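A.B. asks: Heads up: the protein sequence lines correspond to chains A and B, in order. Position in the first sequence (first residue = 1) + 49 = our numbering. Position in the second sequence (first residue = 1) + 58 = our numbering.
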Amino acid sequence: MTETALREGGEEPAVGARWQRAAARGKVRGTTKYVADLPVPPCAQVAVYRSTRPHARILAVDVTQAAALPGVQAVVTGQDLFALLGERLLTGPAFADQPALAYDRVRYVGEPVAAVLARDLATARAAVDLIAVEYEDLEPVYDVETALKGEFFVHDVLRPSSVFGDLSHLRGKRDTNVCYEYNLRTGDVDAVPTDGVTTVSGEFWSPPVAHVPIELPCTTAWVEDDRLEILTTTQTPSYVRQAVADLLDLPLNKVRVRTSVLGGSFGSKMYDRLEPLAAALAWSQQTAVRLVATREEAFLLTTRHGAGVTSSMSADADGNIVAATADVAYDTGAFADVGPRITAKSGMVAAGPYRVENAWIRSRCIYTNKPSAGPFRGFGVPQVTWSHESLVDELARELGEDPAEFRRRHLLREGDEAPMGTVMHSADFVGCLDAVTDEIGWTTPYEKGEGRWRRGRGVAVGMKAVLTPTIANAVIQLNQDGSATLMISTVDMGQGSDTIMPQIVAEVLHLDEGSVRVVAADTDTTPYDTITAGSRSTYHTGNAVRAAAEKMRDKLVDLAAQRLGVAASDCKVTSGGVMSTTAQETVSISDLMHGHFGARGTTLTAEANFTTSWQPYDHETGRSRQVTEHWFAGAVAVEILVDTMTGRVKVEQLAVAGDVGRAINPTLVEQQLTGAAIMGIGHALFDELVFDQGQIVNGTLLDYQLPSVRDVPAKLTAHVIESAHRTGPFGAKGVGETGILAIAPAIANAVRDAVGVRITRLPLSPERVLEAMTEAGVS
Amino acid sequence: MKFGSSFTVPAASTTVFDLFLDAPTMRACIPGCEELERTDETHFRGRLVNTIAHVRFNAAFSAEIVGLDAPHEVRAVLQGEDQRLGSSIKVQATLTVQPDGDGSLVTYAMELALWGKLGRLGESIVQRRTVEVERQFVEAFTRACTAGPVELPAPVSVGARGSEGAVSAPPSAPPAPVRSAPERRMSPLRRLLAWFRGRGAR
Chain A
50 MTETALREGG EEPAVGARWQ RAAARGKVRG TTKYVADLPV PPCAQVAVYR
100 STRPHARILA VDVTQAAALP GVQAVVTGQD LFALLGERLL TGPAFADQPA
150 LAYDRVRYVG EPVAAVLARD LATARAAVDL IAVEYEDLEP VYDVETALKG
200 EFFVHDVLRP SSVFGDLSHL RGKRDTNVCY EYNLRTGDVD AVPTDGVTTV
250 SGEFWSPPVA HVPIELPCTT AWVEDDRLEI LTTTQTPSYV RQAVADLLDL
300 PLNKVRVRTS VLGGSFGSKM YDRLEPLAAA LAWSQQTAVR LVATREEAFL
350 LTTRHGAGVT SSMSADADGN IVAATADVAY DTGAFADVGP RITAKSGMVA
400 AGPYRVENAW IRSRCIYTNK PSAGPFRGFG VPQVTWSHES LVDELARELG
450 EDPAEFRRRH LLREGDEAPM GTVMHSADFV GCLDAVTDEI GWTTPYEKGE
500 GRWRRGRGVA VGMKAVLTPT IANAVIQLNQ DGSATLMIST VDMGQGSDTI
550 MPQIVAEVLH LDEGSVRVVA ADTDTTPYDT ITAGSRSTYH TGNAVRAAAE
600 KMRDKLVDLA AQRLGVAASD CKVTSGGVMS TTAQETVSIS DLMHGHFGAR
650 GTTLTAEANF TTSWQPYDHE TGRSRQVTEH WFAGAVAVEI LVDTMTGRVK
700 VEQLAVAGDV GRAINPTLVE QQLTGAAIMG IGHALFDELV FDQGQIVNGT
750 LLDYQLPSVR DVPAKLTAHV IESAHRTGPF GAKGVGETGI LAIAPAIANA
800 VRDAVGVRIT RLPLSPERVL EAMTEAGVS
Chain B
59 MKFGSSFTVP AASTTVFDLF LDAPTMRACI PGCEELERTD ETHFRGRLVN
109 TIAHVRFNAA FSAEIVGLDA PHEVRAVLQG EDQRLGSSIK VQATLTVQPD
159 GDGSLVTYAM ELALWGKLGR LGESIVQRRT VEVERQFVEA FTRACTAGPV
209 ELPAPVSVGA RGSEGAVSAP PSAPPAPVRS APERRMSPLR RLLAWFRGRG
259 AR
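1) Alpha carbon to alpha carbon, what distance is there between aspartate 380(A) and proline 91(A)?
2) Do three or more CB pairs link the segment 590-598 of chain A to the segment 613-628 of chain A at distances below 8 Å?
3) Considering only C-alpha positions, which residue in the set Pro129(B), Leu94(B), Thr165(B) is nearest to phenylalanine 75(B)?
4) Going by C-alpha to C-alpha distance, which of Val398(A), Gly312(A), Ala337(A) sits closest to aspartate 274(A)?
5) Report yes if the C-beta distance between valine 121(A) and valine 165(A) is below 8 Å; otherwise report no.
6) Between which two residues does the beta strand (DSSP E) harbouring tyrosine 231(A) extend?
7) Less than 8 Å between CB atoms is the rule here; does glycine 120(A) satisfy it with respect to chain E?
8) Any C-beta of chain A sitting closer than 8 Å to the C-beta of arginine 187(B)?
9) Under DSSP, the alpha helix (DSSP H) around leucine 641(A) begins and ends at which residues?
10) Below 7 Å on C-beta distance, what does glutamate 139(B) contact in chain A?
11) Checking contacts by CB at 8 Å: is serine 120(B) closer than that to chain A?
12) Rounded to a whole number of angstroms, what is the C-alpha to C-alpha distance between glutamine 141(B) and asparagine 116(B)?
13) Indicate whether at least one CB of chain A lies closer than 8 Å to the CB of alanine 117(B).
14) If you follow the beta strand (DSSP E) that alanine 331(A) is in, where does it begin and where does it stop?
15) Please confirm whether isoleucine 107(A) has its beta-carbon closer than 8 Å to some beta-carbon of chain B.
16) Contact between the segment 71-88 of chain A and the segment 134-151 of chain A is defined here as three or more beta-carbon pairs at a separation below 8 Å; is this criterion met?
17) For chain A, check one thing: does any of its Cβ atoms lie closer than 8 Å to the Cβ of leucine 77(B)?
18) Going along chain A, which residues have a C-beta under 7 Å from glutamate 181(B)?
19) Could you round the C-beta distance between alanine 821(A) and valine 687(A) to whole angstroms and report it? I think they count as a contact, below 8 Å.
20) Given 8 Å as the limit, is there contact between the segment 540-554 of chain A and the segment 486-506 of chain A, that is, 3 or more CB pairs closer than that?
21) Mark alanine 69(B) as exposed unless 16 or more other C-beta atoms lie within 10 angstroms of its C-beta, in which case mark it buried.
22) Quick one: does alanine 181(A) have its CB under 8 Å from some CB of chain B?
23) What span of residues does the alpha helix (DSSP H) with valine 441(A) cover, start to end?
24) Drop a sphere of 10 angstroms on the beta-carbon of serine 395(A), count the other beta-carbons inside from all chains shown, and report buried for 16 or more, exposed for fewer.
25) Which residues of chain B have a Cβ atom closer than 8 Å to the Cβ of threonine 749(A), listed in chain order?
26) Just tell me which of Gly388(A), Val212(A), Ala143(A), Met397(A) has its CA closest to the CA of valine 676(A).
27) Here's the rule I'm using: 16 or more other beta-carbon atoms within 10 Å means buried, otherwise exposed. How should threonine 519(A) be labelled?
28) What does the alpha-carbon distance come out to for the pair alanine 327(A) and threonine 269(A)?
29) Quick check on the burial criterion: 16 or more other C-beta atoms within 10 angstroms. Buried or exposed for serine 250(A)?
30) Under 8 Å between C-beta atoms, does arginine 817(A) make it to chain B?
31) Using 8 Å for Cβ pairs, my map puts valine 433(A) next to alanine 85(A). What's the rounded Cβ distance?
32) Would the beta-carbon of arginine 102(A) fall within 8 Å of that of tryptophan 173(B)?
33) Do serine 475(A) and serine 814(A) have their C-beta atoms within less than 8 Å of each other?
34) Please tell me whether alanine 372(A) and serine 363(A) are closer than 8 Å, where the distance is taken between their beta carbons.
35) Does any C-beta atom of chain B lie closer than 8 Å to the C-beta of aspartate 178(A)?
36) At the 8 Å Cβ level, is glycine 217(B) part of the contact set with chain A, yes or no?
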């Protein structure tokens, strides 16, 4: 827990304070307005006909019966939209490979092929049942092993989008299912002497999982005054505006994208989800349309990448880690989405947060005929952490060393160069590890048990880079009464940005809790922001907000200096207003602005931009001196019980720690760490999307298992580690993903400790644990 | 989804093999097969109506014999689509017949793909239904092996309301044994109350 020192004059600082979460009361009372609750014009309800084939050519789409159904306003096919928009119909952040409606081929079971606009949803759905599509089956590619054989291809040609410029060299590449490959070459793993070297290796698998936020995706689009209005559940309003403007060939000022607070997302509501289809339908039909995904449809919109990692780790006779290798294969499904970024950002840390002189990593993003995988809390890093934290644990055991102490000896420290060539700063892995091992009493003896239940302890460390480069902007409007309005395009989806951004403003301008309000993202009024994702907002948007607040502070100081006839350097902002030390006088913000403008209700505006840069990694070696703006460091320790009769794993105690640089709001940081840990328990023990020949067979909440309150450990503690970042706002960094990175390997390492079996495939279901114990002869 | 099983029938393997390729016999024996005709040496077409977990599907299908080693093995691919249900089905099946004493041992392996809404039901539900369908098929086919090729029966409605297991009745089907109505079971709470009443009565 962090403590905050009082400021000069006994004033309690805003940064570091445990302010109440914005809109907390409304969420508890059910009065918060989510996107689907907000008023919109009368709309046509949209239902979607979805492909019943995993991979097929569309020969004909017969909509005659559907269009004739009373109440149906229009039936639009992919071919209709393609005739209107051409290849602009293909959107996507990395590759322009995703049609709003399939027009020539379907690439997964459930892909939208046609849309019905009707006066009500029941009619629209009834009409969908009357659509007949004639297919010519193509050979499906169900998994990455088949995809890598290169016999059948999900796409004929790679089409890099204009969003990620560094992928342009892949344009026109044919006959491949590998849409992106990242390679890291550090030192020479082949030149490592073999004498006295201990090597452990494994084949690790993390299955695809679903995000399952409570709020379902909803998009409403309509034409007003010859421009397109979109109200949608999105983490990326600025991206959506650009994507829709490109799709319809409209100037940016003719597209307005609004959102509201989101009822959870975890990466599921970003980039191209319902918006391109809603926009194309509204614009082509010149009418208002509303799409709300059903729960079953939400399972099809995006998933977390299933990933296989074949890897090894070697230590010399002195116990130094001398080499690490990893061959990573991400199953991105039918569309690349942001898979290439995930492939690189996670591939670069696949050797783990350790001092490793020789590393060989290949990380590939691979198309298959399944629903598209996209961003998910952790951005692909949990999948490689599953590999390197299992390996390092096994290596320590092979060498007869304590797994925590072995890690502690090899973890990267401040100033160390990580295997991908970037120097570490503000990533206190050792502090995180110490916090969690102390919490569970790692060094104290414990009873392992000899009967049905066996006890074990496990630890793991995670490392992730923040999204870089990105752009953030902030506009502060200070009102004459001393309250402020903050305009940013960061979307609060539970992470608490609507709480901490006002804290940053309040810290600079010495305002009280509740005096700064955040305007919901609206591309007509809130400024450009790359994205609300990847734990980037506290750092990036936070820095823009801080800079805007500092500009506002300077404006107030100038106004006060003019009014009091003193030098600006003599004035400073305090909780009572602007004070002159020479004049020994304080002018309140209210009086200062009223005096300046001569009216009540006036506003003063300040804006700022914060943009980060990076040095793109070398295509041959994958190395970069500055691959990221900052790092996330986290650690997890658990104590578990294994039921040797059933294979069930019960997590009794879990400690999670994250280095956040500086906690703007420690309560929200603890909640982020805790929430991520609970989500991670699901991924470790039962979360899994099951596919059968391209068909999701558990894509309903009846069949898909999520953590419930009964899965929460009896003792769960979150530890905030503060290793201030030199350029973070007040030293702060993000924390949304840190807690989830190392959960699964920590639990698997504890299973290894309890019953002596090393399991390399997730989830650690009772069947899998029992099977591993049976194979190992553990009674 | 992969399924496989074996069963024995009381007929020579040549008889069994011929019956498998006889459309009227198969129509009578396959639960829910409302239509089946052989369009040429290697192709069939028909309609399958059945119910899984209260979801009724009605799919026109085509089947192609892709490998034939009479009277030992036949390989076929079946594809069908229920447009209204937004679902399609594909079955790749291999069936072998071996002499087994006076009868024959029939072994089959199926790779079943269910795509769309039907596919969401999940393997456990489909597998349970498949076991039931297999049992009905084996019963009907055993009767057919005994009685010989089947004459075309009149279509019988399938998947009657509330009767998931209802299938086309084979022409020679004997009447099902009539079970006596089970004794109505008393709930634990009622039993406890009755026990207390009994004590009070003593």
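From the three backbone atoms N, C-alpha and C, an ideal C-beta is built for every residue, glycine too. What you are looking at is a predicted structure, and each value in this text was computed from that prediction instead of being measured.
C.D. replies: To lay it out plainly:
1) 40 Å
2) Cβ pair count under 8 Å is below three, so no.
3) Pro129(B)
4) Ala337(A)
5) yes
6) 227-235
7) Of the protein chains in this structure, namely A and B, none is chain E.
8) no
9) 638-646 is the extent of the alpha helix (DSSP H) around leucine 641(A).
10) In chain order: Thr101.
11) At a cut-off of 8 Å between beta-carbon atoms, serine 120(B) makes no contact with chain A.
12) Looking at the two C-alpha atoms, the distance is approximately 9 Å.
13) For alanine 117(B), no CB of chain A lies under 8 Å from its own CB, so it is not counted at the interface with that chain.
14) No beta strand (DSSP E) holds alanine 331(A); the alpha helix (DSSP H) holding it covers 324-334.
15) no
16) No, the segment 71-88 of chain A is not in contact with the segment 134-151 of chain A.
17) Residue contact with chain A for leucine 77(B): absent (no Cβ-Cβ distance below 8 Å to any residue of chain A).
18) Asp741, Val746
19) Actually they are not in contact, since the Cβ atoms of alanine 821(A) and valine 687(A) sit about 18 Å apart, beyond 8 Å.
20) no
21) buried
22) yes
23) 430-447
24) buried
25) Arg178
26) Of the residues Gly388(A), Val212(A), Ala143(A), Met397(A), the one whose Cα lies closest to the Cα of valine 676(A) is Met397(A).
27) buried
28) When rounded, the distance between both Cα atoms is 7 Å.
29) Exposed is the label assigned to serine 250(A), since fewer than 16 other Cβ atoms lie within 10 Å of its Cβ.
30) no
31) With 8 Å as the limit, valine 433(A) and alanine 85(A) do not qualify as a contact, their Cβ atoms being about 36 Å apart.
32) yes
33) It is not a contact, given that the beta carbons lie outside the stated cut-off.
34) A contact, by the Cβ cut-off of 8 Å.
35) yes
36) Only weak support exists for where glycine 217(B) lies, its pLDDT of 34 falling under 50; the coordinates are left without a value.
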